[in-house]
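A.B. asks: This is the structure I want to talk about, given as structure tokens.
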Amino acid sequence: MSKLQGALNGIIREITEEDVEAICQIEQECSPADEAATPAQIKYRFKEARELFLVYEIDGQIVAFIGGLRSDSTVVTSQCMHVHSPNGQTLCIHSVCVKTQYRRKGIAFKLLTHYVTTYVKQNISGLSIITLICRDYLIPFYEKAGFKCIGLSSVVHGKLPWHECQIIL
């Protein structure tokens, strides 16, 4: 558990089973219906890869979360959004979600940078790449967090194109 100053003095911690319903609700709030992971997908990700989830909590309330799955692919694919490869060398981040009323307060950046620079590097072995897909307007955000945009993704998920961003470890 990490207590961070700024960003509303939140606490970053590992996910628990009791948190799953809250993160399902946050996922639905943060993503268009045709892009949001379903509660069943979130529950699968938790069951298979709970060590790849962190939540951001303020005064006992989860206001944000980050999570992903491991993959054998070096880029995000449609399959890696649904299948966890426990020994995969790529961490595919699938969700960086912040409740609407807590956005633009630095929470997503603090959660993401903590996840990448501290949590994953100290707790998850055997990774060589951290990757994610995002909309074009989010590329500067992810680049500020240390990712490099490598171009358009082949993933079709929703109506708009996705861009792939990566960190090589």
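In the numbering used here, the protein residues as written are 485 to 653. Glycine residues also receive a C-beta, built at the ideal position from the N, C-alpha and C atoms.
(1) Check the C-beta distance from Leu538 over to Tyr603 and give it rounded, since I have them as a contact under 8 Å.
(2) By how many angstroms is the C-alpha of Ile546 removed from the C-alpha of Leu595?
(3) For a test of the three-state rule: what should DSSP assign to Val547, helix, strand or coil?
(4) Measure the beta-carbon distance from Phe631 to Ile651 and round it to whole angstroms, keeping in mind my assumption that it falls under 8 Å.
(5) Could you tell me whether the Cβ atoms of Glu511 and Ser569 are closer together than 8 Å?
(6) Is Ile526 closer than 8 Å to Ile507 when the C-beta atoms are compared?
(7) Which value, in whole angstroms, describes the spacing of the CA atoms of Ile613 and Thr574?
(8) For Val694, which residues of its own chain have a beta-carbon under 7 Å away from its beta-carbon, when the five flanking residues on both sides are left out?
(9) Taking only the alpha-carbon atoms, compute the straight-line gap between Lys487 and Asn493 and give it to the nearest angstrom.
(10) Looking only at C-alpha atoms, which of Ala629, Ile608, Glu541, Lys643 sits nearest to Arg619?
(11) One question on the structure: do Cys441 and Thr597 come within less than 8 Å of each other, judged by their Cβ atoms?
(12) To the nearest angstrom, report how far apart Phe549 and Glu535 are at their CA atoms.
(13) What does DSSP give as the partner residues of Phe537 in its beta bridges?
C.D. replies: Answer, in terms of the structure:
(1) 6 Å
(2) 12 Å
(3) strand
(4) By a beta-carbon distance limit of 8 Å, Phe631 contacts Ile651. Their separation comes to about 5 Å.
(5) no
(6) Taking C-beta atoms as the reference points, Ile507 and Ile526 count as a pair closer than 8 Å.
(7) 5 Å
(8) Lying outside 485 to 653, the shown extent of the chain, residue 694 is not represented and no answer is given.
(9) Only weak support is given to the placement of Lys487: the predicted model assigns it a pLDDT of 46, under 50, and the question is left unresolved by the model.
(10) Closest by C-alpha distance to Arg619, out of Ala629, Ile608, Glu541, Lys643, is Lys643.
(11) A query on residue 441 cannot be resolved here, the shown segment of the chain reaching from 485 to 653 and no further.
(12) 13 Å
(13) Gly551
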